[in-house]
Amino acid sequence: MFKTPIGRFRAVGLYEGISYLVLLAIAMPLKYFADFPQAVKVVGMLHGVLFVLYMLALAHVILVHRWNIVKIFGAIIASLVPFGTFVLDAKLRKQS
């Protein structure tokens, strides 16, 4: 999976998607309902790092595979929508 730019992009996308769901479903409720803001700080930082890696991996895929604007826009939107990176991963798996 890590041997190709798309494989690395898919892997980072999966980790980024998981971190986003953990941030939304676990860390945020802990912050607001259990008065434990440290969870958001830790998970938010991890998610931020993974988001930057996702964008760097996307840039690498764009350069190597010459993705068009529709694919680029779709990949960016996928990173912003919960479960979006998982849907994108399924589409990329079908294409390869």
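The numbering used here runs 85 ahead of the 1-based position in the sequence shown.
Ideal Cβ placement from N, Cα and C applies to all residues, glycine included.
Nothing here was measured: the structure is a model prediction, and the numbers come from that model.
Answer with buried or exposed for residue i, where buried requires no fewer than 16 other C-beta atoms within 10 angstroms of its C-beta.
i: His150; result: exposed
i: Ala175; result: exposed
i: Arg178; result: exposed
i: Ile162; result: exposed
i: Thr89; result: exposed
My assumption, with CB atoms under 8 Å, is that residue i sits in contact with residue j. Please give the rounded CB distance.
i: Ala124; j: Lys116; result: 6 Å
For a quick check, are the C-beta atoms of residue i and residue j less than 7 Å apart?
i: His132; j: Ser164; result: no
i: Leu108; j: Val134; result: no
i: Arg93; j: Ala144; result: no
i: Tyr139; j: Gly169; result: no
DSSP three-state label for residue i, please.
i: Ala142; result: helix
i: Thr170; result: helix
i: Arg151; result: coil
i: Phe158; result: helix
i: Ala119; result: coil
i: Phe87; result: coil
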